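Here the structure is laid out as structure tokens; the discussion comes afterwards.
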Amino acid sequence: MQPQPSAIMAQTQAFDIDCTACPRLASFLRETRALYPAYYARPVPAFGPLDARLLVVGLAPGKHGANATGRPFTGDYAGILLYQTLFDTGFSNQARADRPDDGLELYDCRVTNAVRCLPPANKPSASEVNNCSRFLGYDLAATPSGGIVLALGRIAHEAVVRCEGYRLRDYPFAHGARHRLSRRRTLLDSYHCSRYNTQTRRLTAAMFYDVLCDARALLSAAKA
174 MQPQPSAIMA QTQAFDIDCT ACPRLASFLR ETRALYPAYY ARPVPAFGPL
224 DARLLVVGLA PGKHGANATG RPFTGDYAGI LLYQTLFDTG FSNQARADRP
274 DDGLELYDCR VTNAVRCLPP ANKPSASEVN NCSRFLGYDL AATPSGGIVL
324 ALGRIAHEAV VRCEGYRLRD YPFAHGARHR LSRRRTLLDS YHCSRYNTQT
374 RRLTAAMFYD VLCDARALLS AAKA
């Protein structure tokens with residue numbers, strides 16, 4: 174199915190560290206900075222080369238992870254499985270992500286979030302996801318033809334689908350599912366690598382590894 178015209182994709186923006194478009198999130202960040210003066214506590218930029226063929230899209234910065242360190246999935250529980258698996262599948266130079274100066278490099282991979290600011294209770298509103306879409310749209314537009322977008326969780330999946338101008342009903346979320354996007358790119362779905370999902374074994378390390386292997390295989394086939 175051809176995508177519908179998307180106002181979001183036409184109004185993309187690289188990043189704005191001073192963004193206050195969402196009053197609730199801006200207020201929560203101010204409160205967080207007051208409680209944790211050493212934390213980054215600002216909108217978190219994407220990490221990795223802009224022209225990477227694999228774009229990993231999470232939900233939002235974790236309070237004591239990316240919100241503290243200023244780098245996606247760095248210093249929190251969800252990042253343990255993500256960066257270990259990226260290393261295991263050849264997308265990074267090391268398996269750990271503890272702090273921004275730890276020497277981590279991503280290979281042909283970029284990591285971002287659907288929402289760039291820490292949301293209360295880790296639950297952004299629909300309007301907050303929509304407000305942040307211009308930043309996600311920028312990263313999506315930069316993902317090359319034949320590339321892969323890996324959505325971690327339903328909210329990230331739906332944010333990508335909306336940014337691309339497709340209808341959600343035509344792109345149902347399911348772990349391990351593949352969806353064709355514009356410019357020969359593929360959207361892959363995975364359950365989010367959160368503490369809750371891994372501890373309840375809704376998502377296992379083997380399941381997540383299989384999804385990243387699928388991404389690697391698709392990229393290899395596209396390059397051949």
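In this note's numbering, the protein residues as written are 174 to 397. Glycine included, each C-beta is placed from N, C-alpha and C at the ideal position. Remember, it's a predicted structure, so these values are computed and weren't measured experimentally.
When DSSP labels each residue in this structure, what does residue i get in the three-state scheme?
| i | result |
| --- | --- |
| Y382 | helix |
| V333 | helix |
| N370 | helix |
| A219 | coil |
| A324 | strand |
| L202 | helix |
| L412 | Because residue 412 is not part of the residues shown, which for the chain are 174 to 397, the question remains open. |
| R272 | coil |
| S318 | coil |
| N266 | coil |
| R353 | strand |
| S179 | With a pLDDT of only 46 at S179, under 50, the local geometry of the prediction cannot be trusted, and no value is derived from it. |
Given a cut-off of 9 angstroms, decide if residue j and residue i are closer than it, judged by their beta-carbon atoms.
| i | j | result |
| --- | --- | --- |
| L228 | D362 | no |
| G263 | D249 | no |
| L254 | L392 | no |
| A287 | A233 | yes |
| I321 | R356 | no |
| R283 | F220 | yes |
| A388 | L323 | yes |
| D400 | L360 | What is shown of the chain runs 174 to 397, which leaves residue 400 out entirely. |
| P245 | T285 | yes |
| P218 | C290 | no |
| A390 | G231 | no |
When the Cα of residue i is compared with those of the options, which residue comes out closest?
| i | options | result |
| --- | --- | --- |
| A332 | R353, G319, N304, T359 | N304 |
| R272 | F220, A251, V284, T247 | T247 |
| A251 | T371, A394, K396 | T371 |
| H365 | A388, G349, L354, L309 | G349 |
| L354 | L385, A388, G319 | G319 |
| V302 | A314, R327, D281 | R327 |
| K396 | I190, D281, N266 | D281 |
| D224 | P317, R351, S367 | P317 |
| C195 | S298, A294, L208 | S298 |
| P293 | A199, I190, A390 | A199 |
Within the continuous alpha helix (DSSP H) that includes residue i, where are the two ends?
| i | result |
| --- | --- |
| T193 | Careful: T193 lies outside any alpha helix (DSSP H) and carries neither H nor E. |
| V302 | 299 to 304 |
| A240 | According to the sequence shown, residue 240 is Asn rather than Ala. Start and end: 239 to 242. |
| L259 | 250 to 261 |
For the beta strand (DSSP E) that contains residue i, what are its first and last residues?
| i | result |
| --- | --- |
| L171 | Outside the displayed span of the chain (174 to 397) sits residue 171, for which this structure offers no information. |
| S363 | 359 to 363 |
| H348 | Careful: H348 lies outside any beta strand (DSSP E) and carries neither H nor E. |
Worksheet item: Should the segment 377 to 391 be called in touch with the segment 336 to 344, which here means at least 3 C-beta pairs below 8 angstroms?
Response: Output reads no: the segment 336 to 344 does not touch the segment 377 to 391.
Fill in: Touch test, the segment 238 to 247 against the segment 198 to 218, Cβ-Cβ under 8 angstroms, three pairs minimum
Taking a cut-off of 8 angstroms on C-beta distances, the segment 238 to 247 touches the segment 198 to 218, as three or more cross pairs fall below it.
Worksheet item: Do the segment 273 to 286 and the segment 197 to 205 meet, that is, are 3 or more Cβ pairs less than 8 angstroms apart?
Response: Touching, no, given that fewer than three Cβ pairs across the two stretches are closer than 8 angstroms.
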